[in-house]
Structures are given as structure tokens and as C-alpha cells.
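J.: One structure is given below, represented as C-alpha cells, and several questions about it will come after.
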Amino acid sequence: MKLIVQIPCLNEAKTIATVINEIPKKIQGIDSIEILIIDDGSVDQTIAIVKSLNVDHVIQNIGNKGLGISFQSGMQYALSHGADILVNTDGDNQYPGKYIPSLIAPILEKKADIVIGNRQTKKVEHFSITKKFFQWVGTKVVILLSGEKGLQDAVSGFRAYSRDAMLEINITEKFSYTLDSTIQASEKRLKLSSVPITVNPPTRPSRLFGSMLEHIRKSGFGALRTFALYKPLRLFIGLGCLFFVIGMIPIVRFLYDYFFTSYTNGKIQSLIIGSTFISISFNLFALGIIGDLLGRNRKLIEDILKRQKES
Ligand SMILES: Nc1nc2c(ncn2[C@@H]2O[C@H](COP(=O)(O)OP(=O)(O)O)[C@@H](O)[C@H]2O)c(=O)[nH]1
Ligand SMILES: [Mg+2]
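Quick note on my numbering: the sequence shown kicks off at 1 and runs consecutively.
So this is what it looks like as C-alpha cells:
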């Protein structure tokens, strides 16, 4: 059994040595543990430090490609280097390496394909009330979109993926992989599980989000896009039904007046408004059907990709 621990990095010179040194050297049931650094255009000493520590694998992006893209290239790299399990942890030392054995345990026991380290945010003292609130709302939204009722920390970056999960999942979000892989996991019937962990105190502000609002905007759009990609029927037919029902109200009002009262001209605005909503709803239905048809093609392409990754 080969475990690759991947660490995406953007200017992590201050903490990367600690993160690397705290990764366990031996884990029961694992024959080899290798470290993969994905440097996404760091301009500090990250690469020099990584090289001085003789890390097993380094991917060095030219410029900044984004965390989602870096994660995907790390996953491909791990697969092509024979990894049976991939762990992702952060370069800012947020996640203590000592939890890696418990993170991969459900995969070793064949009880899960993806394991998420649940930070138990309610208990984290250095998280502000707003951060805790939005983490809670975010997780609820992802549960709603993915149907994964057991999810506890949807945006945790401390995760383990089985080889099957690596073969099935294709990250196309540039900015982040957490929501994308969770929604895909549910779509592809991969078994998700969580293990409780604690986190280290922060070493610096987040590099992914300048502010909470930016966090919500980027994650919200990301989740919506992924949902539209994987569950277009549910999203567009759902929205279409909403518009249809709203449109029918003024139309019924018009029809009632037209047939049952002598007042036939006054409700023409209702007819116009209702018809507009109904035509929007038909456009949404059409988008759902087109999305679903495209999704079938995507499934075939992903099947080919999976075979290609396997070989
Ligand atoms: N590849 C890549 N990694 C990034 C980027 N921004 C942040 N990271 C890394 O992603 C991980 C999480 O980023 P961080 O700033 O700690 O975000 P947080 O999850 O909000 O705390 C860290 O290991 C960062 O070095 C980026 O643009 N590209
Ligand atoms: Mg962090």
C-alpha cells in the first residue's frame, strides 16, 4: 500500500518545513509514505526549503494556476506514481500530521472512498462567530446539493482519497476542489466519511479568500456551477417549476376574468407578466434537458478518462 501526502503551496516558507517533518514516517498497513509538494508559483523560499528537505516529489507550476487545478494535477501525478491512497493537507500547518493514520483508516478498512477531517469548528476557539456561522451554512448548502447527510465540514482541506476516488473524480473548478469533489462523490456513488480532528492555531490569514464575503461569493458560485454541471435536471427543472407556478397565478387571474366576468380587457398585464414567466420556465426546462444530455456525454468521456488513468 502506497500513500502519497500532497501539499499544495503558495508562499509557505514559514511553515512548510514543520508540515513536512510532522508527516508520520510509518503507518500500520502502509508500505511506503511519500510526500508531493505542488508549488503554485511561490515567490518566497518555499521551493528552496522543500528541495533542502529532499522531498520525494515536487510539481512546480509556472505562475499561479489556482488550488483546484493544482489539486487535480497532484491527483493525476499520485495515480501515475502508483498511489493507493492520497492525502491532501495544507502548507500553512493548519492540520496536524498526527491525524493522518486516523484519516486513512476508513479507506484501509474499505469503509470509505473519501475521508474528510472534520475540524469540529464549533469547538475551535480562534474561529470567529461569523466564520463558524458561514462554515455551518456552507456545510448545510453542500448537504442540500449533494444529498450527503453525514457531512460535517464541507470545506476542510484535510482529506484522504482512495485509488477508486482518484480514478473517478475530475476537478474542473479552478479555485477550489473541496465542494467539487464532494458533489462528485455523491454523483459517482463514492462513500464519504468524516473523522474528527483538531486544528493548529492560525499561522497567517487565508490566501484563498481576502474576506468572508469573497469566501461566500467564490464558494457559492463554485457550488452552483458544480451542481449545474452534475445535477442539471434537478437545478433547472426545479427553477423552471418555480417560474411556471409563479407565471400561472396571473394567467389564472386573467382567464377567470376573461371567462367568468364581463371585464375582459383590464387584466391584460397579468397575461403579459404570466406569459413572460411561463416562457422563462420553458427555457429553464430546455436548459435542464440540454444539461442532462451533455451530462451523459460527460459520463462517457469520464469513463474513457478513467480507463486512461488506470493504464
Ligand atoms: N496551488 C495553490 N495553492 C494555494 C493557493 N492559495 C492557497 N493555496 C494553498 O492551499 C492551502 C490552503 O490555503 P489557505 O490560505 O490556508 O486557505 P484556508 O483554507 O482558507 O486557510 C495552503 O496549503 C495554501 O498554500 C493557490 O492559489 N494555489
Ligand atoms: Mg489555512
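From the three backbone atoms N, C-alpha and C, an ideal C-beta is built for every residue, glycine too.
1) In the structure shown, what three-state DSSP assignment does Arg163 receive?
2) Helix, strand or coil: which one does DSSP assign to Asn297?
3) Whose CB is closer than 6 Å to a heavy atom of ligand 2? List the residues in chain order.
4) Output the distance between the C-alpha atoms of Ser275 and Asp257, rounded to the nearest integer angstrom.
5) Please classify Ser211 as buried or exposed, where buried requires at least 16 other C-beta atoms within 10 Å of its C-beta.
6) Is any heavy atom of ligand 1 found at a distance shorter than 8 Å from the C-beta of Phe221?
7) Would Glu12 pass as a contact of Ser42 if the rule is Cβ separation under 9 Å?
8) Per DSSP, Gly312 is paired with what?
9) Residues in the same chain with beta-carbon distance under 7 Å from Lys149, minus the five sequence neighbours each way, listed in chain order, please.
10) May I ask you to report which of helix, strand or coil DSSP gives Ser32?
11) Return yes when the C-beta of Ile35 is under 8 Å from any heavy atom of ligand 1, and no when it is not.
12) Mind checking Thr130: buried by the 16 CB within 10 Å criterion, or exposed?
13) Would you mind listing the beta strand (DSSP E) stretches within the stretch 76 to 148 that are 3+ residues and don't spill past its ends, in chain order?
14) May I ask you to list the residues that DSSP assigns as paired with Val58?
15) So, with DSSP's three-state summary, where would you put Tyr2?
16) Looking only at C-alpha atoms, which of Gly222, Glu214, Ser206, Ser146 sits nearest to Arg189?
17) When DSSP labels each residue in this structure, what does Ile171 get in the three-state scheme?
18) Quick check on DSSP: helix, strand or coil for Pro327?
19) Report all residues from its chain with a CB closer than 6 Å to the CB of Ile33; omit the five preceding and five following residues, and keep chain order.
20) Within 8 Å, do at least three Cβ pairs link the stretch 229 to 247 to the stretch 195 to 204?
21) Quick one: what does DSSP say Ile27 is sitting in, helix, strand or coil?
22) So within the stretch 272 to 296, which uninterrupted alpha helix (DSSP H) runs reach at least 4 residues, ignoring any that extend past its ends?
23) Quick one: what's got a C-beta closer than 7 Å to Leu239's C-beta in the same chain, skipping five residues either side?
24) Would you decide whether Cys9 is buried or exposed? Buried here means 16 or more other CB atoms lie within 10 Å of its CB.
25) Could you check the C-alpha separation between Asn54 and Met1 for me, to the nearest Å?
26) Residues in its own chain within less than 8 Å of Ile85 by CB, not counting five upstream and five downstream?
27) Taking 8 Å as the cut-off, is the CB of Leu10 close to at least one heavy atom of ligand 1?
T.: The short version:
1) In the three-state reduction of the DSSP assignment, Arg163 falls in the helix class, which pools H, G and I.
2) Asn297 falls in the helix class under three-state DSSP.
3) Ordered along the chain, residues surrounding ligand 2 are Asp90, Asp92, Gln94, Ser206 [Cβ under 6 Å from any heavy atom].
4) Using only the alpha carbons, I get a separation of about 16 Å.
5) The residue is exposed, with fewer than 16 neighbouring Cβ atoms inside 10 Å.
6) In this structure, ligand 1 has no non-hydrogen atom nearer than 8 Å to the beta-carbon of Phe221.
7) Note that the C-beta distance between Glu12 and Ser42 is below 9 Å.
8) Because the chain here runs from 1 to 311, residue 312 falls outside it and cannot be looked at.
9) So the list reads Ile143, once near-sequence residues are dropped.
10) Shown here, Ser32 sits in a strand according to DSSP, grouped into three states.
11) No, the Cβ of Ile35 stays beyond 8 Å of every heavy atom of ligand 1.
12) Exposed is the call here.
13) Listed in chain order, they are 85 to 88, 114 to 118.
14) In DSSP, Val58 forms a bridge with Ile37.
15) The question names Tyr, yet the displayed sequence has Lys at residue 2. Correct three-state label for Lys2: strand.
16) With distances taken between Cα atoms, Arg189 lies closest to Ser146.
17) The answer is coil: DSSP assigns Ile171 none of H, G, I, E or B.
18) No statement about residue 327 is possible, as the shown extent of the chain runs from 1 to 311 and does not include it.
19) Once the five neighbours on either side are set aside, the close Cβ partners of Ile33 are Leu3.
20) In short, these stretches do not touch, since the Cβ pair count stays below three.
21) Note: Ile27 maps to coil in three-state DSSP.
22) None, since the stretch 272 to 296 contains no complete alpha helix (DSSP H) of that length.
23) Leu284.
24) When all chains shown are included, Cys9 counts as buried.
25) Using only the alpha carbons, I get a separation of about 22 Å.
26) Here the set comprises Met1, Lys2, Leu3, Ile4, Ile30, Ile104, Ile107, Leu108, Ala160, Tyr161, Ser162, Arg163.
27) True, at least one ligand heavy atom lies under 8 Å from that Cβ.
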